[in-house]
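Going by our numbering, the sequence shown opens with residue 121, and the numbers climb by one from there.
Built from N, CA and C at the ideal position, the CB exists for glycine as well.
Below you'll find the structure, written out as structure tokens, and then a few comments.
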Amino acid sequence: MINTIIQVLPTDDYKVYLYFAHGEIKLYDATEILDHGIFRVLKDKKIFAETCTVLNNTLAWDLKGNFDPYECLDLDPEVLYEKSITVEDPLHQMNTGA
121 MINTIIQVLP
131 TDDYKVYLYF
141 AHGEIKLYDA
151 TEILDHGIFR
161 VLKDKKIFAE
171 TCTVLNNTLA
181 WDLKGNFDPY
191 ECLDLDPEVL
201 YEKSITVEDP
211 LHQMNTGA
């Protein structure tokens with residue numbers, strides 16, 4: 121099965137909720153990449169949150185704001201699936217007050 125990400129929701133602590141096409145929701149801790157090469161720019165929490173998006177069916181950061189898949193920082197969805205933990209939908213929890 122190819123894991124396709126259809127939605128992302130960044131948090132204030134460098135984590136991202138990943139919504140997969142097959143219905144599973146996982147939480148990825150991006151702190152592991154923040155000290156490596158081109159990903160260092162994401163240490164700025166504003167950049168991390170405001171440029172976080174889905175491009176090429178995976179988690180990406182669109183640093184230039186033009187949604188060009190060749191100019192973004194993205195991560196392999198298979199690696200993201202393996203390195204993240206399954207969680208409940210945070211949007212559902214907010215709506216129900218849980």
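In the structure shown, F140 adopts extended strand secondary structure according to DSSP, grouped into three states.
Counting the other Cβ atoms within 10 Å of the Cβ of V136 gives 16 or more, which makes it buried. Counting every other CB atom within 10 Å of its CB across the protein chains shown gives T206 a total below 16, marking it as exposed. Ranked by Cα distance from Y139, the first of K166, V199, V174 is V174.
Pairing E208 with I145, the inter-Cα distance amounts to about 7 Å.
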